[in-house]
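Going line by line, the protein sequences match chains A and B. Sequential numbering from 1 applies to the first sequence in our numbering. Sequential numbering from 1001 applies to the second sequence in our numbering. Read through the structure below, which is laid out as structure tokens, and then see the notes.
There are 2 protein chains.
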Amino acid sequence: MGTTQLDTVPEPKYWHLKTVIGEALDSDFAVGEILPNERELAARFGVARATLRQALEQLELEGRLQRRRGVGTTVAPPRMGVDVSASLQDWPGSPTDAWQPVGCTTALPPAAVARALDTDTDEDVHTLRRMLVTHGQPVAAELLYVPSSSVPELSAIDAPAGAARARAVLRELQRLAPAGLDRAVELGSARADDAKELDRLPGAPVLVVTTRYLTEGRTAVVSVATYRADTCRLTFGASGDLEIRHDTAQRRAS
Amino acid sequence: MGTTQLDTVPEPKYWHLKTVIGEALDSDFAVGEILPNERELAARFGVARATLRQALEQLELEGRLQRRRGVGTTVAPPRMGVDVSASLQDWPGSPTDAWQPVGCTTALPPAAVARALDTDTDEDVHTLRRMLVTHGQPVAAELLYVPSSSVPELSAIDAPAGAARARAVLRELQRLAPAGLDRAVELGSARADDAKELDRLPGAPVLVVTTRYLTEGRTAVVSVATYRADTCRLTFGASGDLEIRHDTAQRRAS
DNA sequence: GAGTGGTCTAGACCACCCT
DNA sequence: GGGTGGTCTAGACCACTCT
């Protein structure tokens, strides 16, 4: 007697909630629409607010919701495709480069950077800060490490620190002969400074793209670019419009 | 009078904790070492367990910790580089392909898949399941969508469903003439089935790589590959050993 | 000032792994 | 059975944005 039902492994509540709300987003809400606040949603589903928040966090991680303190929770538009395909013609500072320089400091590099650059810690490195903005929204923040030996003419220029020097460094980079480039993508969490520029809270999930630009025989530049993981999809090649909704695509196949 | 100290914006406790523990990991722990359990750590730092967990979650997201239910929290090794650079010679099923087919079903496609394939919803699609395992650890799970029109000879073969049919489909794919490929990377959370194969809990962060394989004029195959975001770094090009510890790299430059 | 999401607490119970 | 991380609760207060 007793359990007429099979002993279903109890699905966590927040996981079930995420599914339910996700389906509601597809059917009952339009992009940009504001959801009821967390306290009301929690009451409506009969769960504690913390549990509801766990579900909303998942949906935000998947880019389906956007939450802003003091404002509310809104339905996010589909992620925008950001082309990060690499080519030798697209070195930092090239005419097609959409990044906006915002600053530059010059100092001895931390050990990790020196290692990536295959240089010594006693050689000055220019550290450029750049932003990528699309449709009025900040998309990525970048740190470009340029050893002073990659731009030997620059010391004579004596540009003031800040955006002006950043532009000067980028201009000098155009003299180099590109010989290759390699790249890695991994998950990270936004440092406080990046978070601020990306209009997110510290710790927000980001996609970190590390690129090493090579001239013959050595690493000329290293870039660490931090993309908002909630709002963008990195594309390689001309596949900007490719979109498979990860959840729904699988409802049918096993 | 009163506040002799400047009104520091209070840094969240979990953020500060994350920093402190992160530094301890660098100096006091070896890879694979087991940390004290959460209740003890929380007590030691004088915070609630939930707060401590928030810090640990961040560190796990960054690939610095590994937590397993019933076992404990261990210091994770550096992320492994997984080469996902694309080339026309590396189509699914090629001799250099390290993926292991585990199953195959054939059915009418869900709408989202049909859209990605530029085909109709009334044409059968083979859905292959494959795994990528490195050093004994599951790294990624893939779904390969192959419209039956891409492997016209297959219907005659009549292979049984499962791994055998998967291999048959891959073999047939080798007849095609590759004409291009494009790719996108985005953040997602593991579906229940992927999570199980990747030895993670549902909802775990993953990097979703969507690839469209083209023959002249049409999309021949679409792949949705789900990589464990905690343990791997996707590399494009031969940059397997490039590593900049995201946090420490920035201690010095602004 | 009212309303929102973000942080934090102190408990409880559960699912899982080991021995 | 004992210990671990995972889930969940019912509250409290804080930081922010808008009006």
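We put the beta carbon where it would ideally sit given N, CA and C, even for glycine.
| Item | Value |
| --- | --- |
| Taking three-plus beta-carbon pairs below 8 Å as touching, is the stretch 207 to 220 of chain A in contact with the stretch 65 to 77 of chain A? | no |
| Does A/V151 have its Cβ less than 8 Å from a Cβ in chain B? | no |
| On the CB-based measure, 16 or more other CB atoms within 10 Å of its CB, does A/P160 come out buried or exposed? | exposed |
| Is it buried or exposed for A/S27, if we count other Cβ within 10 angstroms and need 16 for buried? | exposed |
| Can you name the start and end residues of the beta strand (DSSP E) that B/S1223 belongs to? | 1218 to 1228 |
| Got a sec: is the Cβ-Cβ distance from B/T1096 to anything in chain A below 8 Å? | no |
| From the beta carbon of B/G1070, is the nearest beta carbon of chain A less than 8 Å away? | no |
| I need the DSSP call for A/D118, collapsed to helix, strand or coil. | coil |
| Go through the stretch 136 to 223 of chain A residue by residue and report every complete run of the alpha helix (DSSP H) that reaches 4 residues or more, in order. | 154 to 157, 163 to 173, 192 to 197 |
| Would you mind reading off the limits of the alpha helix (DSSP H) that contains B/D1028? | 1013 to 1028 |
| Determine the closest residue to A/S94 out of A/V169, A/L35, A/T74, with distance taken between C-alpha atoms. | A/V169 |
| Starting from the beta carbon of A/P202, find every residue of chain B whose beta carbon is closer than 9 Å, and list them in chain order. | E1011, P1012, W1015 |
| Give a yes or no on whether the C-beta atoms belonging to A/G136 and A/T74 are separated by under 8 Å. | no |
| Of all the CB atoms in chain A, is at least one closer than 8 Å to the CB of B/S1189? | yes |
| Applying a beta-carbon distance threshold of less than 8 Å, which residues of chain B neighbour A/F236? | A1086, D1182, R1183, A1184, V1185, F1236 |
| Who are the near neighbours of B/A1184 in its chain, counting only those whose CB is closer than 6 Å to its CB and skipping five residues on each side? | T1210 |
| Any idea which residues DSSP pairs A/T96 with across the strands? | Answer is none; A/T96 lacks a bridge partner. |
| Excluding sequence positions up to five away, which residues of its chain have a Cβ less than 8 Å from the Cβ of B/S1148? | T1106, E1123, D1124, V1125, H1126, L1154, S1155 |
| Using beta carbons (cut-off 8 Å, strictly below), is A/R79 in contact with chain B? | yes |
| May I ask you to report which of helix, strand or coil DSSP gives B/V1071? | coil |
| Could you tell me the boundaries of the alpha helix (DSSP H) in which B/T1051 lies? | 1049 to 1061 |
| Since I believe A/E186 is in contact with B/R1079 (beta carbons under 8 Å), could you give me their beta-carbon distance rounded to a whole number of angstroms? | 6 Å |
| Using a 10 Å radius around the Cβ and a threshold of 16 neighbouring Cβ atoms, would you call B/E1142 buried or exposed? | buried |
| Any chance the stretch 1195 to 1210 of chain B sits against the stretch 1039 to 1051 of chain B, with 3 or more Cβ pairs inside 8 Å? | no |
| Name the chain A residues that come within less than 8 Å of B/P1160, Cβ to Cβ? | What B/P1160 touches in chain A: nothing, since even the nearest Cβ is about 15 Å away. |
| Please classify A/R44: does DSSP put it in a helix, a strand, or coil? | helix |
| Give me the subset of the stretch 1017 to 1034 of chain B whose CB atoms are less than 7 Å from a CB atom of chain A, sorted by chain position. | none |
| Measuring straight from C-alpha to C-alpha, what distance separates A/R191 and B/V1133? | 32 Å |
| Look at the alpha carbon of A/T51 and the alpha carbon of B/L1181, and state the distance between them as a whole number of angstroms. | 41 Å |
| Run through the DSSP bridge pairs and tell me what A/G103 is partnered with. | A/R129 |
| Leaving aside the five residues before and after B/E1243 along the sequence, list all residues of the same chain whose C-beta is less than 7 Å from its C-beta, in chain order. | Note that B/E1243 has pLDDT 46, beneath the 50 cutoff, so the model's placement of it is unreliable and the number below is only indicative. Here the set comprises P1078. |
| To the nearest angstrom, how far is it from the Cα of B/L995 to the Cα of B/A1204? | Since the first and last residues shown for chain B are 1001 and 1254, residue 995 of chain B lies out of range. |
| Hey, would you say the C-beta of A/A140 is under 7 Å away from at least one heavy atom of the ligand SAH? | You won't find the ligand SAH in this model; it holds no ligand whatsoever. |
| Where do the N-terminal and C-terminal ends of the beta strand (DSSP E) with B/D1083 fall, by residue? | 1080 to 1083 |
| Can you give me the Cβ contacts of B/L1088 inside the same chain, cut-off strictly under 6 Å, excluding the 5 residues immediately before and after it? | P1178 |
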